[in-house]
Amino acid sequence: MKRHIDWEMVGSEDQLDRSHLEECPECQKKYRLHMFLVRQARSARPVEPPPFFASKVARSIQQASQPMWFYFRWAAARLAPVLALLILATGLLIINVLREPELPDTVILDDSAASEVSFENMINSLHKARSEDPGE
Amino acid sequence: MPKTDPELVAEILRGDEDAFEEIVRRYQRFVFNAIYHYLGYNSEAEDVAQEIFLKLYRSLERYDQSRPLQAWIYRIAVNHCLDEMRKARHRFIRLFADMTEEEEDRVKYLFEKSTKGSPLLESEEEESFKLLHRLLDKLSAKDKMTFVLREVEGRSYDDIATTLGTSPTAVRIRLSRVKRKLLKRLEGVLESR
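One line per chain: the protein sequences are A and B, in this order. Those letters in the first sequence? Residues 15 to 150, per this note's numbering, in order. Those letters in the second sequence? Residues 4 to 196, per this note's numbering, in order.
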């Protein structure tokens, strides 16, 4: 039977030795499987392309054939708002840092209060130091 | 009177992109059906078709206008789909997944119906082709393409050999081997559980 079911050969029943097929259950089974496979392969249905497909392709071809400067302009137009926001945020950050009040580096506590370090004394000393600061 | 393919190609080469839209309109059905045959029902069919037409556009300068344009498109489509199959295999898409129980039951049902000689409904034929692709998915790209070119599209051995860059004898041997593999797999599905 191998001679007959040389799987790339069988496409129709007339290529088979019918008498052998009728007698051999093993070959009958193989033949049925093969014919099912062939039928499956031939059951492909025609498919339709989606609407406007040709126009879509034409558009992508037009885009693909644009010169390089077109893409720079395209990218710049889209990046401009992001860049503006970044610049604005950086500017605000710098202004904020510059406006922060400067405190004197060291605060010398009153000699009289030195013996008694308390929160109240520290605040008083701070006020005193500020009022003496000529920059204020 | 509609323009011929060589006339349209000449216009495209002069920079007329509208002429290319006409070529796409003429061959889109052919390309979509080829994708369907080679890759099965595929949600990415539109993207694949678009890539094929972009390749065609870029390759038109090399196209020998004395030969039919359809043969050129066909070659591009086959090669592109072969690449897609290899990529899919690389990405392990579905390839190592066996059929689900539900799919196996459907194969059994369709096999029974088919062997009893009952004609399949249109929806069943569609389903049958889908299931065939589930069997084909585990084959190598070239094995799958050989089977599809011969059994689905009914191409000659010489034609397949030219398309795949091999000899007709090699095509016959490969096809025979592929069919044995498929039959074994099909038998496994039908005898499961």
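Cβ coordinates follow ideal geometry from the N, Cα and C atoms, glycine included.
Inset, instruction - Examine chain A for any beta-carbon lying closer than 8 Å to the beta-carbon of residue 14 of chain B, and answer yes or no. - result: For the purposes of this step, residue 14 of chain B is taken as residue 11 along the second sequence, with counting starting at 1. Judged by the 8 Å Cβ criterion, residue 14 of chain B is not in contact with chain A.
Inset, instruction - Have a look at residue 67 of chain A and residue 46 of chain B and give me their C-alpha separation to the nearest angstrom. - result: Taking the first residue of the first sequence as 1, we reach residue 67 of chain A at position 53. Taking the first residue of the second sequence as 1, we reach residue 46 of chain B at position 43. Cα-Cα distance, rounded: 15 Å.
Inset, instruction - Find the residues of chain B that neighbour residue 60 of chain A, judging by a C-beta separation of less than 7 Å, and give them in chain order. - result: Your numbering for residue 60 of chain A matches position 46 in the first sequence. Those are 36, listed as they occur along chain B.
Legend entry - Contact belief for residue 71 of chain A with residue 56 of chain B at Cβ below 8 Å, rounded distance in angstroms: By one-based count along the first sequence, residue 71 of chain A stands at place 57. By one-based count along the second sequence, residue 56 of chain B stands at place 53. Right, the Cβ-Cβ distance comes to about 5 Å (below 8 Å), so this counts as a contact.
Inset, instruction - Label residue 4 of chain B either buried or exposed according to how many other C-beta atoms from any shown protein chain fall within 10 Å of its C-beta, with 16 as the threshold for buried. - result: Taking the first residue of the second sequence as position 1, residue 4 of chain B is located at position 1. Result: exposed.
Legend entry - residue 192 of chain B and residue 102 of chain B closer than 8 Å at C-beta: For the purposes of this step, residue 192 of chain B is taken as the residue at position 189 of the second sequence. For the purposes of this step, residue 102 of chain B is taken as the residue at position 99 of the second sequence. Cβ atoms of residue 192 of chain B and residue 102 of chain B: closer than 8 Å.
Legend entry - Assigned exposure category for residue 11 of chain B - 16 Cβ within 10 Å defines buried: Taking the second sequence and counting its residues from 1, the one referred to as residue 11 of chain B is at position 8. It is buried - the Cβ of residue 11 of chain B has at least 16 other Cβ atoms within 10 Å.
Inset, instruction - Could you give the DSSP three-state label for residue 45 of chain B: helix, strand or coil? - result: Walking along the second sequence from the start, residue 45 of chain B turns up at place 42. Three-state result, residue 45 of chain B: coil.
Inset, instruction - Can you grab the Cα-Cα spacing for the pair residue 39 of chain B / residue 76 of chain B, in whole Å? - result: The residue given as residue 39 of chain B occupies position 36 in the second sequence. The residue given as residue 76 of chain B occupies position 73 in the second sequence. Distance between the alpha carbons of residue 39 of chain B and residue 76 of chain B: 15 Å.
Inset, instruction - Please look up how many angstroms separate the CB atoms of residue 44 of chain A and residue 186 of chain B, rounded, as I've assumed it's under 8 Å. - result: Here residue 44 of chain A refers to the residue found at position 30 when the first sequence is read from its first residue. Here residue 186 of chain B refers to the residue found at position 183 when the second sequence is read from its first residue. Contact flag correct, Cβ pair sits at about 7 Å.
Inset, instruction - Pick helix, strand or coil for residue 46 of chain A, following the three-state DSSP scheme. - result: On the first sequence, position 32 is the one that residue 46 of chain A refers to. Of the three classes helix, strand and coil, the one that applies to residue 46 of chain A here is helix, per DSSP.
Legend entry - Buried/exposed call for residue 57 of chain A, threshold 16 Cβ in 10 Å: Here residue 57 of chain A refers to the residue found at position 43 when the first sequence is read from its first residue. Buried is the call here.
Legend entry - Contacting positions in the region 98–120 of chain B - beta carbon closer than 7 Å to chain A: 114, 117, 118
Legend entry - Nonlocal neighbours in the same chain, by C-beta distance under 6 Å from residue 145 of chain A, ignoring five residues either side: Here residue 145 of chain A refers to the residue found at position 131 of the first sequence. So the list is empty, once near-sequence residues are dropped.
Inset, instruction - Could you name the residues of chain A that residue 31 of chain B contacts, counting a contact when the two beta carbons are closer than 7 Å? - result: Locating residue 31 of chain B in the second sequence gives position 28, counting from the first residue. Chain A residues near residue 31 of chain B: 63, 67, 68.
Legend entry - Whole-Å CB distance - residue 144 of chain B paired with residue 89 of chain B, under 8 Å assumed: Locating residue 144 of chain B in the second sequence gives position 141, counting from the first residue. Locating residue 89 of chain B in the second sequence gives position 86, counting from the first residue. Indeed, because the Cβ distance is near 5 Å, the residues count as touching under 8 Å.
Legend entry - Neighbour flag for residue 73 of chain B against chain A, beta carbons, 8 Å: The residue labelled residue 73 of chain B in the question sits at position 70 within the second sequence. False, the Cβ-Cβ gap to chain A never drops below 8 Å.
Legend entry - Interface residues of chain B facing residue 47 of chain A [CB-CB closer than 7 Å]: As a first step, residue 47 of chain A must be located in the first sequence, where it is residue number 33. Those within 7 Å of residue 47 of chain A in chain B are 186, 189, 190.
Legend entry - Proximal residues to residue 6 of chain B (C-beta, below 8 Å), its chain only, five neighbours per side dropped: In the second sequence, residue 6 of chain B corresponds to position 3, counting from 1. Cβ neighbours of residue 6 of chain B beyond the five flanking positions: 14, 22, 25.
Legend entry - Close beta carbons around residue 1 of chain B, own chain, < 7 Å, minus the five adjacent residues each side: Outside the modelled stretch of chain B, which goes from 4 to 196, sits residue 1 of chain B, for which no answer is possible.
Legend entry - residue 93 of chain A CB to nearest heavy atom of the ligand NAP below 7 Å: This structure does not include the ligand NAP; it has no bound ligands of any sort.
Inset, instruction - May I have a chain-ordered list of the alpha helix (DSSP H) segments no shorter than 4 residues that lie completely inside the region 127–195 of chain B? - result: 144–150, 160–167, 171–193
Inset, instruction - Could you check which residue in B/138, B/172, B/164 has the C-alpha nearest to that of residue 52 of chain A? - result: Taking the first sequence and counting its residues from 1, the one referred to as residue 52 of chain A is at position 38. With distances taken between Cα atoms, residue 52 of chain A lies closest to B/138.
Inset, instruction - Just the C-alpha distance for residue 118 of chain B and residue 46 of chain A, rounded to the nearest angstrom, thanks. - result: Along the second sequence, read from residue 1 onward, the residue named residue 118 of chain B stands at position 115. Along the first sequence, read from residue 1 onward, the residue named residue 46 of chain A stands at position 32. Cα to Cα, residue 118 of chain B sits roughly 7 Å from residue 46 of chain A.
Legend entry - Helix, strand or coil at residue 103 of chain B [DSSP, three-state]: As a position in the second sequence, residue 103 of chain B is number 100, starting the count at 1. Reduced to three states, the DSSP call for residue 103 of chain B is coil.
Inset, instruction - May I ask you to list, following chain order, the residues of the region 73–87 of chain B that have a beta carbon less than 8 Å from some beta carbon of chain A? - result: none
Inset, instruction - Please confirm whether residue 127 of chain B and residue 142 of chain B have their CB atoms less than 8 Å apart. - result: Taking the second sequence and counting its residues from 1, the one referred to as residue 127 of chain B is at position 124. Taking the second sequence and counting its residues from 1, the one referred to as residue 142 of chain B is at position 139. Their beta carbons are not under 8 Å apart, which means residue 127 of chain B does not touch residue 142 of chain B by this criterion.
Inset, instruction - Verify whether the separation of the beta carbon atoms of residue 123 of chain B and residue 150 of chain B is less than 8 Å. - result: Here residue 123 of chain B refers to the residue found at position 120 of the second sequence. Here residue 150 of chain B refers to the residue found at position 147 of the second sequence. It is not a contact, given that the beta carbons lie outside the stated cut-off.
Inset, instruction - Let me know if residue 48 of chain A comes out buried or exposed under the rule of 16 or more other beta-carbons within 10 Å of its beta-carbon. - result: Position 34 of the first sequence, counted from the start, is the residue given in the question as residue 48 of chain A. Buried: at least 16 other Cβ atoms inside 10 Å.
Inset, instruction - Enumerate in chain order the residues of its own chain whose CB-to-CB distance from residue 146 of chain B is below 6 Å, with the five nearest sequence positions on each side excluded. - result: Position 143 of the second sequence holds residue 146 of chain B. Correct list, in chain order: 181.
Inset, instruction - Count the other CB atoms, across all protein chains shown, that sit within 10 Å of the CB of residue 109 of chain B; report buried if there are 16 or more and exposed otherwise. - result: As a working note, residue 109 of chain B is residue 106 in the second sequence. It counts as buried.
Legend entry - Local Cβ density within 10 Å of residue 63 of chain A, reported as buried at 16 or more and exposed below that: In the first sequence, the residue the question calls residue 63 of chain A occupies position 49. Residue 63 of chain A should be labelled buried.
Legend entry - Collapsed DSSP secondary structure at residue 66 of chain A in the structure displayed: Numbered from its first residue, the first sequence carries residue 66 of chain A at position 52. Coil.
Legend entry - Residue environment, residue 27 of chain B, which counts as buried when at least 16 other CB atoms sit within 10 Å: One-based indexing of the second sequence puts residue 27 of chain B at position 24. It counts as buried.
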